[in-house]
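First up is the structure itself, then whatever we jot down about it.
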Amino acid sequence: MRNLHTICAVITVYLFFFCCFFPSAAHSEAQKVIRVAGDNNFPPFEYLSDSGVYTGFNVDIMNAISIETGIRFEYYPMPWNEAVQAMRSGKVDAIQGMKYNQEREEFYDFSAPYFTSSQGIFVLKDNMYIRKIEDLKGRKVAVQKRRCCKRSIK
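The opening position of the sequence shown corresponds to residue 56 in this note's numbering, with each subsequent residue numbered one higher.
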């Protein structure tokens with residue numbers, strides 16, 4: 056019986072030291088820092104405030120994920136085209152706020168969407184010539200540079 060107590064004590068001490076000096080993989084994973092790129096000028100989703108703080112809806116979502124999971128994020132706000140290049144070159148681990156399209160699916164693994172939006176075309180109220188999308192054929196339409204809606208309109 057005495058040998059059983061000794062064996063149990065040795066196992067307990069061994070497990071205690073093992074747990075202290077070799078933390079679990081889950082704990083190590085929670086301490087990992089994920090480098091996240093985002094657009095530095097796309098309010099209200101992500102932008103640099105007047106005081107230089109990176110803020111916006113997408114940043115708030117990532118901060119909430121951090122609080123819930125313990126995963127730390129480092130933000131790298133930059134122009135959108137630089138964010139895409141940083142991701143492709145491995146300088147960052149993720150891009151926040153990227154809209155899904157088939158071309159991008161070849162390069163990126165998308166999360167489930169947390170926000171959906173729609174786009175519209177605006178004309179002056181007194182314009183009687185444009186009532187449907189087909190009426191735009193042969194006309195000039197202004198779009199944001201480097202935004203995916205440009206391809207959709209063409």
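Note that beta-carbon positions come from the ideal geometry of N, C-alpha and C, so glycine has one too.
*Between which two residues does the beta strand (DSSP E) containing E160 stretch?*
Start at 1 with the first residue of the sequence shown, and residue 160 comes out as number 105. Per DSSP, E160 belongs to no beta strand (DSSP E); it is in the alpha helix (DSSP H), Q157 to E160.
Along the beta strand (DSSP E) that carries V114, what are the first and last residues, could you check?
Residue numbering aside, residue 114 sits at position 59 when the sequence shown is read from its first letter. From DSSP, V114 is part of no beta strand (DSSP E) but of the alpha helix (DSSP H) over F112 to T124.
- Task: Reducing DSSP to helix, strand and coil, say where I89 ends up.
- Result: Walking along the sequence shown from the start, residue 89 turns up at place 34. Strand, per DSSP.
- Could you spell out the range, first to last residue, of the alpha helix (DSSP H) harbouring E137? Within the sequence shown, numbered from 1, the residue matching residue 137 stands at position 82. From DSSP, the alpha helix (DSSP H) with E137 extends over W135 to S144.
Distance, M183 Cα to S166 Cα:
As a position in the sequence shown, residue 166 is number 111, starting the count at 1. As a position in the sequence shown, residue 183 is number 128, starting the count at 1. Approximately 42 Å between the Cα atoms of the pair.
Buried or exposed: E161, going by 16 or more other Cβ atoms within 10 Å of its Cβ?
Numbered from its first residue, the sequence shown carries residue 161 at position 106. Its Cβ having fewer than 16 others within 10 Å, E161 is exposed.
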